[in-house]
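The opening residue of the sequence shown carries number 21 in my numbering; numbering runs sequentially from there.
Glycine residues also receive a C-beta, built at the ideal position from the N, C-alpha and C atoms.
Below is one structure, written out as structure tokens, with a few remarks after it.
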Amino acid sequence: MLLLSPEIVRFESHAWDDVAALAVDRIPKRIVEEHSDLGPFATFADVPEQSVHIRVKRRITADDTDAPSLGDSGQLVFYTGRPTSDLARQRITITCTLISIRSEFPSGKPATRTLTFIATNAAGSDPVSSAPAPLNE
């Protein structure tokens with residue numbers, strides 16, 4: 021999932037309206053691949069273990085001293101679509117932990133800060149959940 025310039029991204033008490041991009045990446049931790057005697061190509065593949073990493077890239081144009089700390093856990097909430105769009109707008113909620121904060125200062129461009137989270141779910145099911153979002157939310 022990749023969102024460019026989402027309206028508002030929230031992580032616990034932090035709300036960011038300066039997000040340039042948000043990416044949800046699914047990374048395999050264990051891959052099962054089986055072959056048969058019929059040919060050189062896989063006949064079965066599965067990914068029984070995976071991680072979900074979320075990167076939030078913010079444009080920093082003023083002093084920013086209100087950032088979460090590494091190891092902070094909570095709910096990350098964002099929306100697909102715009103508040104004025106139709107019923108296809110979704111509210112995405114991910115329980116996650118902040119694992120990295122990186123700042124960059126490209127020459128001639130605004131500074132950026134990238135926050136990386138790893139998603140968790142105590143039940144072992146998909147940590148990314150979505151639900152229809154009302155237009156006024």
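Assigned exposure category for residue i - 16 Cβ within 10 Å defines buried
{"i": "PHE64", "result": "exposed"}
{"i": "ARG78", "result": "buried"}
{"i": "LEU58", "result": "exposed"}
{"i": "PHE125", "result": "exposed"}
{"i": "ALA153", "result": "buried"}
{"i": "PRO147", "result": "buried"}
{"i": "LEU135", "result": "buried"}
{"i": "VAL39", "result": "buried"}
Whole-angstrom C-beta distance between residue j and residue i, which should lie under 8 Å
{"i": "PHE98", "j": "CYS116", "result": "Rounded, the Cβ-Cβ distance is 12 Å, inconsistent with contact."}
Span of the beta strand (DSSP E), counted from its first residue to its last, around residue i
{"i": "THR132", "result": "131 to 139"}
{"i": "GLY94", "result": "93 to 100"}
{"i": "ARG109", "result": "Element bounds for ARG109: n/a, residue is neither H nor E."}
{"i": "GLU66", "result": "A quick correction: the sequence has Asp, not Glu, at residue 66. 62 to 80 is the span of the beta strand (DSSP E), which, as asked, contains ASP66."}
{"i": "LEU22", "result": "22 to 24"}
{"i": "ALA35", "result": "34 to 36"}
{"i": "PHE125", "result": "No beta strand (DSSP E) contains PHE125, which DSSP labels as neither H nor E."}
Beta bridge counterpart(s) of residue i as assigned by DSSP
{"i": "PRO147", "result": "According to DSSP, which records beta bridges pairwise, PRO147 is partnered with nothing at all."}
{"i": "PRO48", "result": "GLN70"}
{"i": "PRO41", "result": "Here the sequence assigns Ala to residue 41, which means Pro is not the residue at that position. Paired residue(s): LEU24, LYS77."}
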